[in-house]
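Engineer: Take the position in the sequence shown, starting the count at 1, then add 66; the result is the number in our numbering.
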Amino acid sequence: MTALFGPSGNSQSFYNEGHKSTTEAPEWLKKKGLDAFEYSFGRGVRIRESTAREIGGAFAKEGITLSVHAPYYINLASTEEDKKKNTIRYFTESVTAAHWMGATRVIFHPGAVGSEDRDTAYGRALEFFNEIIHEVKSLGYDEVHLCPETLGKINQLGTVEEVLKLCSLDRNIIPAIDFGHLHARTVGGIRTKDDYKKILDMMEDSLGDDRASRFHIHFSHIEYTKQGEKKHHDLKDEGFGPDFEPLAELMVKRNLEPTIICESPSMMAEDAKTMKEIYLKIKNGL
Ligand SMILES: [Zn+2]
Numbered sequence: 067m068t069a070l071f072g073p074s075g076n077s078q079s080f081y082n083e084g085h086k087s088t089t090e091a092p093e094w095l096k097k098k099g100l101d102a103f104e105y106s107f108g109r110g111v112r113i114r115e116s117t118a119r120e121i122g123g124a125f126a127k128e129g130i131t132l133s134v135h136a137p138y139y140i141n142l143a144s145t146e147e148d149k150k151k152n153t154i155r156y157f158t159e160s161v162t163a164a165h166w167m168g169a170t171r172v173i174f175h176p177g178a179v180g181s182e183d184r185d186t187a188y189g190r191a192l193e194f195f196n197e198i199i200h201e202v203k204s205l206g207y208d209e210v211h212l213c214p215e216t217l218g219k220i221n222q223l224g225t226v227e228e229v230l231k232l233c234s235l236d237r238n239i240i241p242a243i244d245f246g247h248l249h250a251r252t253v254g255g256i257r258t259k260d261d262y263k264k265i266l267d268m269m270e271d272s273l274g275d276d277r278a279s280r281f282h283i284h285f286s287h288i289e290y291t292k293q294g295e296k297k298h299h300d301l302k303d304e305g306f307g308p309d310f311e312p313l314a315e316l317m318v319k320r321n322l323e324p325t326i327i328c329e330s331p332s333m334m335a336e337d338a339k340t341m342k343e344i345y346l347k348i349k350n351g352l
């Protein structure tokens, strides 16, 4: 095993080259030397079983690892019954679609604090997530892991601590560490190798198993305000962080094998490739 690299969705260049369907993506990614792809259900899980299986088959054929992103509307802290019902449905639909596609990870946004204090909202989120874990388990698709993601706005639930605590509920839950989001919510807090070290150490202390090595990463450069995340940028846009190199050095030093998904807005495949090259250069001691 090794670290895996790939994009979230298709690059602009994929479409510019005349490609239309995601079933064409795996061969395109393979040629670029990439290993992973994240399929977005951000605006809702609208996919037929036959289409999902066709996409999954194409990725399996090229040996590209698939993950899916659950709808953005999920909110574990919501108090309204109909919203809670919808949240459960977003989870079961995402996990079912992931199963059809042969994807083993479902990435999701934990939610937002709202008008309450953070502890109250988080306490309720933790309780509700426990319920969701049971609901999802009853589907019987044990190969599919739920992955709570660290989020970029300060009023969102999704600090490293909050995500790790969600993961502590069940060994099947894997953290999705979005370093761009963490950089944004700490208003530029990821500058040095030490800043990355602290996060990786927290994961190791809290999880104490191979989830601290084979976790999920979202990586892109990000613009922020004092409320946190403003927008993602391609690597070529100058003046944004965080820097990938110190993380790559730690990945090599600590033998980490995460799946790294690049969420650049238009050059996600190209940027994933750049990050893979940085990583391999360090790994091979060049
Ligand atoms: Zn996300």
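Think of the CB as a built atom: it goes at the ideal place given N, C-alpha and C, for glycine as much as any other residue.
None of these values were measured; they are calculated from a predicted model.
Ends of the beta strand (DSSP E) at K297?
Structural biologist: Reading the sequence shown from its first residue, position 231 is the one you call residue 297. Where K297 is concerned, the enclosing beta strand (DSSP E) stretches over G294 to H299.
Engineer: Hey, out of F125, E159, T88 and S77, whose CA is closest to R109's CA?
Structural biologist: The residue given as residue 109 occupies position 43 in the sequence shown. Of F125, E159, T88 and S77, the smallest CA-CA separation from R109 is found for E159.
Engineer: Apart from the five residues just before and just after E128, which ones in its own chain have a Cβ nearer than 8 Å to its Cβ?
Structural biologist: The residue you call residue 128 lines up with position 62 of the sequence shown. Cβ neighbours of E128 beyond the five flanking positions: P92, E93, L95 and K96.
Engineer: CB of E336 to nearest heavy atom of ligand 1: below 8 Å?
Structural biologist: Counted from its first residue, the sequence shown places residue 336 at position 270. It does not: the Cβ of E336 is nowhere closer than 8 Å to a heavy atom of ligand 1.
Engineer: If you run the structure through DSSP and keep just helix, strand and coil, what is S77?
Structural biologist: Within the sequence shown, the letter at position 11 stands for residue 77. S77: coil per DSSP, three-state reduction.
Engineer: Across which residues does DSSP place I288 in a beta bridge pair?
Structural biologist: Counting from 1 along the sequence shown, the entry for residue 288 is found at position 222. Note: I288 is bridge-paired with H298 and G307 in the DSSP secondary-structure output.
Engineer: Taking only the alpha-carbon atoms, compute the straight-line gap between I353 and F310 and give it to the nearest angstrom.
Structural biologist: Here the chain has residues from 67 to 352 only, and residue 353 is not among them.
Engineer: Just to confirm, does E228 get its C-beta within under 8 Å of one of the non-hydrogen atoms of ligand 1?
Structural biologist: Within the sequence shown, numbered from 1, the residue matching residue 228 stands at position 162. E228 Cβ: outside cutoff for every heavy atom of ligand 1.
Engineer: Looking only at its own chain, which residues have a Cβ that is under 6 Å from the Cβ of V229, when we skip the five neighbours before and after it?
Structural biologist: Residue numbering aside, residue 229 sits at position 163 when the sequence shown is read from its first letter. Cβ within range, chain order: P214, T216 and P241.
Engineer: By Cβ distance, which residues of its chain are closer than 6 Å to P308, with the 5 residues on each side in sequence left out?
Structural biologist: Numbered from 1 along the sequence shown, position 242 holds the residue referred to as residue 308. F245, H249 and I256.
Engineer: Tell me whether T291 is buried or exposed, calling it buried when 16 or more other Cβ atoms sit within 10 Å of its Cβ.
Structural biologist: Working through the sequence shown from its first residue, we reach residue 291 at position 225. Exposed: under 16 other Cβ atoms inside 10 Å.
Engineer: Going by beta carbon distance, what residues of the same chain come within less than 7 Å of L235, once the five residues before and after it are set aside?
Structural biologist: For the purposes of this step, residue 235 is taken as residue 169 along the sequence shown, with counting starting at 1. The answer, listed in chain order, is F195, N196 and I199.
Engineer: Taking 9 Å as the threshold (C-beta atoms), are I326 and H284 in contact?
Structural biologist: In the sequence shown, the residue the question calls residue 284 occupies position 218. In the sequence shown, the residue the question calls residue 326 occupies position 260. Yes, these two residues count as a Cβ contact at 9 Å.
Engineer: Just mark M333 as buried or exposed, buried being the case when its beta carbon has 16 or more other beta carbons within 10 Å.
Structural biologist: Along the sequence shown, one-based indexing puts residue 333 at 267. Buried: at least 16 other Cβ atoms inside 10 Å.
Engineer: Would you list the one or two residues that DSSP bridges to C233?
Structural biologist: Locating residue 233 in the sequence shown gives position 167, counting from the first residue. Its beta-bridge partners do not exist; DSSP assigns none.
Engineer: Have a look at G351, G274, T170 and K151 and flag the residue whose alpha-carbon is nearest the alpha-carbon of H378.
Structural biologist: This structure gives no information on residue 378, because the portion of the chain shown stretches from 67 to 352.
Engineer: Which ranges would you report for the beta strand (DSSP E) in the segment 164-201 if only whole runs of at least 3 residues count?
Structural biologist: You should have 171-174.
Engineer: Regarding I243 and ligand 1, is the C-beta to nearest heavy atom distance less than 8 Å?
Structural biologist: Mapped onto the sequence shown, residue 243 falls at position 177. False, no ligand heavy atom lies under 8 Å from that Cβ.
Engineer: My understanding is that V210 touches H165, with C-beta atoms under 8 Å, so please give their C-beta distance in whole angstroms.
Structural biologist: The residue given as residue 210 occupies position 144 in the sequence shown. The residue given as residue 165 occupies position 99 in the sequence shown. That belief holds up - the Cβ atoms of V210 and H165 are roughly 6 Å apart, short of 8 Å.
Engineer: Cutting at 8 Å between CB atoms, please list the residues of its own chain near G99, excluding the five before and the five after it.
Structural biologist: Residue mapping note: residue 99 aligns to position 33 of the sequence shown, counting from 1. K339 and K342, listed in sequence order.
Engineer: G360: which of F306, Y139 and A335 sits nearest, CA to CA?
Structural biologist: Absent from the model: residue 360. The displayed extent of the chain is 67 to 352, so no value can be given.
Engineer: Quick check: I121 and T89, are their CB atoms within less than 9 Å of each other?
Structural biologist: Residue numbering aside, residue 121 sits at position 55 when the sequence shown is read from its first letter. Residue numbering aside, residue 89 sits at position 23 when the sequence shown is read from its first letter. It is a contact, given that the beta carbons lie within the stated cut-off.
Engineer: How about Q284: is its Cβ closer than 8 Å to a heavy atom in ligand 1?
Structural biologist: As a first step, residue 284 must be located in the sequence shown, where it is residue number 218. A quick correction: the sequence has His, not Gln, at residue 284. Because some heavy atom of ligand 1 lies under 8 Å away, the Cβ of H284 counts as near it: yes.
Engineer: Report yes if the CB atom of L143 is closer than 9 Å to the CB atom of A191, and no otherwise.
Structural biologist: As a first step, residue 143 is located in the sequence shown; it is residue number 77 there, counting from the start. As a first step, residue 191 is located in the sequence shown; it is residue number 125 there, counting from the start. Note that residue 143 is Ala in the sequence shown, not Leu. Going by C-beta atoms, A143 is nearer than 9 Å to A191.
Engineer: Looking at the structure shown, is A69 part of a helix, part of a strand, or coil, going by DSSP?
Structural biologist: Walking along the sequence shown from the start, residue 69 turns up at place 3. Coil.
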